[in-house]
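See below for the structure under consideration.
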Ligand code: FUB
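Residue numbers (the working numbering): 504 to 850.
Following this line, the structure appears as structure tokens:
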């Protein structure tokens with residue numbers, strides 16, 4: 504790890520503690536894991552604690568950003584917080600490594616996790632030997648793992664950024680991401696020979712959703728597009744700055760389903776709401792304005808009657824887009840169910 508960078512983050516954390524009074528303050532965004540680069544934090548409450556499943560960024564010899572190759576991650580760690588007020592998350596150790604996944608070759612991108620009947624499931628994207636992003640699943644008896652991967656990726660799950668939502672009687676998996684995430688290489692669940700982006704003015708390419716099988720290891724049904732529409736019911740178009748790019752997340756609040764996502768090239772987190780976990784979702788607004796760095800990617804957790812956004816930026820690495828650091832911030836709902844926009848802090 505870069506000592507200068509670590510010192511800078513620790514100084515920032517100390518400044519937060521000093522300026523905010525007690526470390527228990529979580530008012531503004533703050534870094535939660537200064538000692539390593541981690542991103543794409545998928546947070547869940549398991550066993551009464553917050554478990555975070557992030558990507559594990561690293562300094563790699565692959566620096567070419569073409570197709571996101573510089574996001575060259577090779578393993579996952581699980582982090583834990585006893586509460587949102589804990590100053591720093593605790594690293595629970597190595598959870599899964601690419602060398603332990605038979606079908607995967609490289610680029611372990613944003614994962615997510617789920618719990619069912621006391622078993623834990625880690626869903627993760629990686630490229631196979633053909634250079635195609637697939638989504639795999641690994642299992643464990645504890646939330647921190649280590650996880651044992653299934654020998655093959657999940658049939659019918661592809662592209663990147665799996666997110667799993669527990670709707671009580673069923674789990675749903677969402678996936679998909681544009682550009683380096685390859686969503687544009689798929690139509691109707693078939694791999695195309697080349698990219699097929701949606702044209703300006705046409706409906707934007709949609710993320711996918713499917714119900715998971717009872718054993719959580721496969722799709723119970725072929726994935727369907729997740730419709731994100733405007734207030735008149737028209738799909739957001741490919742050139743709309745608020746259209747979906749990657750990083751799907753679903754949570755429930757006050758009886759509504761919230762589908763939130765990154766707009767990628769326009770660098771926002773946005774959200775849409777609906778009455779069903781599979782949509783359609785009506786666009787409602789911007790959750791987070793651009794951060795320092797190219798990507799951000801998030802999750803939303805409700806605990807103790809308060810809601811928290813976990814996300815990342817690249818400020819501690821001086822803006823290096825593939826070296827990101829995780830943050831937490833409390834978020835607030837308006838009476839009409841909209842969420843107050845958070846400032847991502849890009850200068
Ligand atoms: O971490 C690699 C990729 O960057 C993720 O899968 C995307 O969501 C973006 O954050």
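Note that CB positions come from ideal geometry on N, CA and C, so glycine has one too.
Fill in: contact_flag[the region 784–804, the region 829–849] where n(CB pairs < 8 angstroms) is 3 or more
yes
Worksheet item: So, residue 710 versus residue 751, is the Cβ gap smaller than 8 angstroms?
Response: yes
Practice prompt. Identify, in the order they occur along the chain, each residue of the same chain with its Cβ nearer than 8 angstroms to the Cβ of residue 845, setting aside the five sequence neighbours on each side.
Written response: So the qualifying residues of the chain are 532, 790, 791, 792, 812, 832 and 834.
Practice prompt. Can you tell me which of 829, 715, 683 and 745 puts its alpha carbon nearest to the alpha carbon of residue 707?
Written response: 745
Item to complete: Kindly indicate which three-state DSSP category residue 655 falls into: helix, strand or coil?
Response: coil
Practice prompt. Reducing DSSP to helix, strand and coil, say where residue 769 ends up.
Written response: helix
Practice prompt. Take residue 564 as the anchor and find which of 555, 574, 549 and 819 has the nearest alpha-carbon.
Written response: 574
Practice prompt. Assign residue 512 to one of three DSSP states: helix, strand, or coil.
Written response: Only weak support exists for where residue 512 lies, its pLDDT of 42 falling under 50; the coordinates are left without a value.
Discussion item. Taking the beta strand (DSSP E) that residue 751 belongs to, which residues open and close that run?
Written reply: 749–756
Worksheet item: What does a CB cutoff of less than 6 angstroms around residue 595 pick up in its chain, not counting 5 residues either side in sequence?
Response: Leaving aside the five residues that flank residue 595 on each side, the residues in its chain whose CB is nearer than 6 angstroms to its CB run, in chain order, 581, 583 and 647.
Worksheet item: What are the partner residues of residue 799, as DSSP defines its beta bridges?
Response: According to DSSP, residue 799 bridges with nothing at all.
Worksheet item: How would you write the range of the beta strand (DSSP E) that residue 815 sits in, first residue to last?
Response: 809–816
Discussion item. Tell me the DSSP secondary structure of residue 688 in three-state form.
Written reply: helix
Item to complete: Count the C-beta pairs between the region 713–730 and the region 666–676 that are closer than 8 angstroms, then say yes if the count reaches three, no if not.
Response: yes
Discussion item. Can you give me the C-alpha to C-alpha distance between residue 672 and residue 821, rounded to a whole angstrom?
Written reply: 44 angstroms
Worksheet item: Can you round the beta-carbon distance between residue 668 and residue 753 to whole angstroms, since I take them to be within the 8 angstroms contact cut?
Response: The pair is a contact, with the Cβ atoms about 4 angstroms apart (cut-off 8 angstroms).
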